[in-house]
Amino acid sequence: MTQHSTLGVAVIGTGRMGADHVRRLDRVISGARVAAVVDVDGDRAKAAAADIGGCAAFTDTAAALAAPGVDAVLVASPAPAHEEALLEAFARDLPVLCEKPLTPDPASALRVVEAEARLGHRRVQVGFMRRYDAEYMRLKSLLDGDGIGRPLMLHCRHRNASTPPGYTEPMMIHDSVVHEIDATRWLLGQEITAVTVHKPARSSAAPEGLSDPQLVLLETAGGALADVEIFVNCGFGYQVRCEAVGERGSARIGDERSLLVHTDGHWGGEIPQDFVTRFREAYDREVQSWVTAARDDRVTGPSAWDGYAAAVACAAGAASQSTGSRVPVTLAERPALYA
Ligand code: ISE
Numbered sequence: 000m001t002q003h004s005t006l007g008v009a010v011i012g013t014g015r016m017g018a019d020h021v022r023r024l025d026r027v028i029s030g031a032r033v034a035a036v037v038d039v040d041g042d043r044a045k046a047a048a049a050d051i052g053g054c055a056a057f058t059d060t061a062a063a064l065a066a067p068g069v070d071a072v073l074v075a076s077p078a079p080a081h082e083e084a085l086l087e088a089f090a091r092d093l094p095v096l097c098e099k100p101l102t103p104d105p106a107s108a109l110r111v112v113e114a115e116a117r118l119g120h121r122r123v124q125v126g127f128m129r130r131y132d133a134e135y136m137r138l139k140s141l142l143d144g145d146g147i148g149r150p151l152m153l154h155c156r157h158r159n160a161s162t163p164p165g166y167t168e169p170m171m172i173h174d175s176v177v178h179e180i181d182a183t184r185w186l187l188g189q190e191i192t193a194v195t196v197h198k199p200a201r202s203s204a205a206p207e208g209l210s211d212p213q214l215v216l217l218e219t220a221g222g223a224l225a226d227v228e229i230f231v232n233c234g235f236g237y238q239v240r241c242e243a244v245g246e247r248g249s250a251r252i253g254d255e256r257s258l259l260v261h262t263d264g265h266w267g268g269e270i271p272q273d274f275v276t277r278f279r280e281a282y283d284r285e286v287q288s289w290v291t292a293a294r295d296d297r298v299t300g301p302s303a304w305d306g307y308a309a310a311v312a313c314a315a316g317a318a319s320q321s322t323g324s325r326v327p328v329t330l331a332e333r334p335a336l337y338a
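The numbers in numbering that gives the first Met the number 0 rise by one with no breaks, and the one at position 166 of the sequence shown is 165.
Pasting the structure below:
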């Protein structure tokens, strides 16, 4: 693209997240427009493109990326389709914002890392949107500024109201705990070295075949521990909390203190029902930051390496889910591109 002109984005996948990003790019983000949408379901692609001037609908990713006016790619298709879309974007040297997880397993994530390293410059920002959440950003700068001393532990809670049909137990790790895996690496600046999953008594609200909730213990290279409660059928709403405990203090985010109402002998507030609502501003900031950088031919934020490291820790978590034992995390050598 010509530097600083409007960025034409092809959005791959127009399901829940993709449709939300189409709306965001069209109505919230400055400096970008939706030039193309892709979905294996042609009718869904057409519906997503219908109200957007100059937006073409495709069922084929390669055809969409070759379309006139496409300068960048936002990948929001199901994870098994990410690798192909990423490699196609690399072939055209286009900047990509790829929703998490980067790919569904370590081997494919490593292939993406190696392909980007061969290009010699970063093209991928991974959609770990919590890094763009105002509360997480404050916690990160507190830790980086030595505000509570050396961090020793993170206590994390990740609760979803309910799971959709077809939801499987490994998805608790790959789709949900992947965020705490990235947040732990990012907040502490340390790699994860081992994962252990514990299962308490199963909630009677859990669907057949799902042991819910679970407790995931992450060990890091610096000796810190992060415990993550993942409870995907908690029933009451969507909740993400994190408390960091350091040598000189503690700091907690996610308490939903935005509006507290006192009335009729009670006090309280609202609990968001899903991540699209809870993290709306984080998604806005994430996509704006990607667009702003891409218009300058730069890529910032969570890298393909971060996506790969998370994939390895997720695979360890999924393995520990079935055995209950501690599974070590071993990463490949980090290419110089991600130093
Ligand atoms: C979902 O896919 C997300 O990415 C959300 O951020 C996460 O909180 C939720 O548990 C996942 O199902």
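Ideal Cβ placement from N, Cα and C applies to all residues, glycine included.
Nearest-angstrom Cα distance between residue i and residue j?
i, j, result
"G41", "E242", "44 Å"
"G236", "D254", "13 Å"
"L93", "R251", "38 Å"
"T13", "A47", "7 Å"
"P212", "V176", "12 Å"
"G208", "S202", "12 Å"
"H120", "A114", "10 Å"
"V185", "D145", "For clarity, residue 185 is Trp in the given sequence; the question names Val instead. Near 15 Å, if we compare the C-alpha coordinates of D145 and W185."
"A310", "V27", "31 Å"
"P105", "A225", "21 Å"
"C313", "Q320", "10 Å"
"A318", "S210", "14 Å"
"G248", "L187", "15 Å"
At which residues does the alpha helix (DSSP H) containing residue i begin and terminate?
i, result
"E113", "105-118"
"V177", "177-187"
Note the first and the last residue of the continuous beta strand (DSSP E) segment covering residue i.
i, result
"R240", "238-245"
"G7", "6-11"
"S350", "No answer is possible for residue 350: the residues shown for the chain start at 0 and end at 338."
"G41", "Unbroken run through G41 is the alpha helix (DSSP H), 41-48; no beta strand (DSSP E)."
"R22", "Premise fails: R22 lies in the alpha helix (DSSP H), 15-26, not in any beta strand (DSSP E)."
According to DSSP, which residues form a beta bridge with residue i?
i, result
"W304", "W304 is not bridged to any residue."
"H157", "I229, V239"
"C97", "V74, V125"
Taking residue i as the reference, give the member of the options with the closest Cα.
i, options, result
"P67", "A205, A48, G7", "G7"
"I172", "A160, R277, T195, P150", "T195"
"L214", "G221, E207, P199, G208", "P199"
"P77", "G146, A34, S249, D174", "D174"
"A56", "D50, L64, A44, A62", "A44"
"L151", "R294, R130, E218, G119", "E218"
DSSP on residue i, reduced to helix/strand/coil?
i, result
"P79", "helix"
"I349", "The structure shown does not extend to residue 349, since the chain is modelled only from 0 through 338, so no value can be given for it."
"S288", "helix"
"P169", "helix"
"T329", "coil"
"D226", "strand"
"E255", "coil"
"V196", "strand"
"A61", "helix"
"C313", "helix"
"L209", "coil"
"I51", "coil"
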